[in-house]
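Numbering (my numbering), first residue to last: 3 to 67. Ideal Cβ placement from N, Cα and C applies to all residues, glycine included.
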Amino acid sequence: MSKGEAKRNWREAWASCAEETEVFEKIVKKFHARCIDTLVKNVDAAVYCFDAAKAASNASVNDAA
3 MSKGEAKRNW
13 REAWASCAEE
23 TEVFEKIVKK
33 FHARCIDTLV
43 KNVDAAVYCF
53 DAAKAASNAS
63 VNDAA
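Encoded structure:
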């Protein structure tokens with residue numbers, strides 16, 4: 003692999019990672035907004051919501067690894 007190819011591959015990998023991070027941040031924000039709304043209405047449901055957000059977060063981290 004030439005230096006140019008390596009650089010291009012690195013840039014593509016970086017762009018892909020940045021894109022996935024952006025998607026992940028949107029998911030977390032959406033879960034967070036739902037959790038705050040739910041917390042006001044029902045504490046038990048909020049706990050469930052936070053657990054779901056944590057599971058989604060862990061799944062995303064594991065997928066990236």
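Which one of Arg-13, Asn-60 and Phe-52 has the shortest CA to CA distance from Phe-33? Phe-52
To the nearest angstrom, how far is the alpha carbon of Ala-61 from that of Glu-27?
Cα atoms of Ala-61 and Glu-27: separation of roughly 14 angstroms, rounded to the nearest angstrom.
_Asn-60, DSSP secondary structure in three states_ = helix
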